[in-house]
Amino acid sequence: MKHAYGPPIRVQIDAPKNLHIPVGGRARWFCRVIGQRSAGIRLQWSKVGTAGLPSNAVQYDGELIINGVRESDAGQYRCTGSGDHQFATDDGTLNVEAKPRIPGLILHV
Numbered sequence: 001m002k003h004a005y006g007p008p009i010r011v012q013i014d015a016p017k018n019l020h021i022p023v024g025g026r027a028r029w030f031c032r033v034i035g036q037r038s039a040g041i042r043l044q045w046s047k048v049g050t051a052g053l054p055s056n057a058v059q060y061d062g063e064l065i066i067n068g069v070r071e072s073d074a075g076q077y078r079c080t081g082s083g084d085h086q087f088a089t090d091d092g093t094l095n096v097e098a099k100p101r102i103p104g105l106i107l108h109v
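Per full-length UniProt numbering, the very first residue in the sequence shown carries number 1; after that it's consecutive.
This is how it looks when you write it as structure tokens:
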């Protein structure tokens, strides 16, 4: 028995894929289906190596937004397109730039 699934799915994260965001900033990626057929393809974001997304992340219609970026949000994020018994992925990286720390003032009395 042969299955006709159609052309392969392709997804792409719009540039820039590698973000450098300061602590407290906003990270945003947009992922889209590439090619002729996008109907019926579901886009889902995840953080690689974790069970889900950070609590400060929101995804909708291929877009991933992380508000109030924290150092723990740094890492690799994956957009997965799935449908018609196929899937494809593309990855982006979030680099979080820590706020500069000012050494404490030591008073000698």
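Every residue, glycine too, gets a C-beta built ideally from N, C-alpha and C.
Across which residues does DSSP place residue 47 in a beta bridge pair? As a working mapping, residue 47 is identified with position 47 in the sequence shown. Beta-bridge pairing links residue 47 to 77.
What separation, rounded to the nearest whole angstrom, lies between the Cα atoms of residue 58 and residue 66? Position 58 of the sequence shown, counting from 1, holds the residue named residue 58. Position 66 of the sequence shown, counting from 1, holds the residue named residue 66. Answer to the nearest angstrom: the Cα atoms are 6 angstroms apart.
Assess, as a yes-or-no matter, whether the segment 23–38 is touched by the segment 48–56 under the definition of 3 or more beta carbon pairs within less than 8 angstroms. no
If you check the beta carbons only, do residue 40 and residue 81 fall under 8 angstroms apart? Stepping through the sequence shown from its first residue, residue 40 is reached at position 40. Stepping through the sequence shown from its first residue, residue 81 is reached at position 81. The answer is no: Cβ separation not under 8 angstroms.
Let me check understanding here. Comparing Cα to Cα, which of 87, 47, 98 and 97 lies closest to residue 7? Counted from its first residue, the sequence shown places residue 7 at position 7. Ranking 87, 47, 98 and 97 by Cα distance to residue 7 puts 87 first.
Please state whether DSSP places residue 72 in a helix, a strand or coil. Along the sequence shown, one-based indexing puts residue 72 at 72. In the structure shown, residue 72 sits in a helix (DSSP, three-state: H, G or I).
Please work out which residues of its chain come closer than 8 angstroms, Cβ to Cβ, to residue 42, disregarding the five sequence neighbours upstream and downstream, and give them in chain order. As a first step, residue 42 must be located in the sequence shown, where it is residue number 42. Answer for residue 42: 81, 82 and 83, listed in chain order.
What does the alpha-carbon distance come out to for the pair residue 70 and residue 10? In the sequence shown, counting from the first residue as 1, residue 70 sits at position 70. In the sequence shown, counting from the first residue as 1, residue 10 sits at position 10. Distance between the alpha carbons of residue 70 and residue 10 is about 31 angstroms.
Going by beta-carbon coordinates alone, are residue 90 and residue 48 separated by less than 8 angstroms? Taking the sequence shown and counting its residues from 1, one reaches residue 90 at position 90. Taking the sequence shown and counting its residues from 1, one reaches residue 48 at position 48. Not in contact: residue 90 and residue 48 (Cβ atoms no closer than 8 angstroms).
Would you list, in sequence order, the uninterrupted beta strand (DSSP E) runs of no fewer than 3 residues that lie entirely inside the segment 15–39? 18–22 and 27–34
Which residue marks the beginning of the beta strand (DSSP E) containing residue 62, and which one marks its end? Here residue 62 is taken as the residue at index 62 of the sequence shown, counted from 1. For residue 62, no beta strand (DSSP E) encloses it, and the DSSP letter there is neither H nor E.
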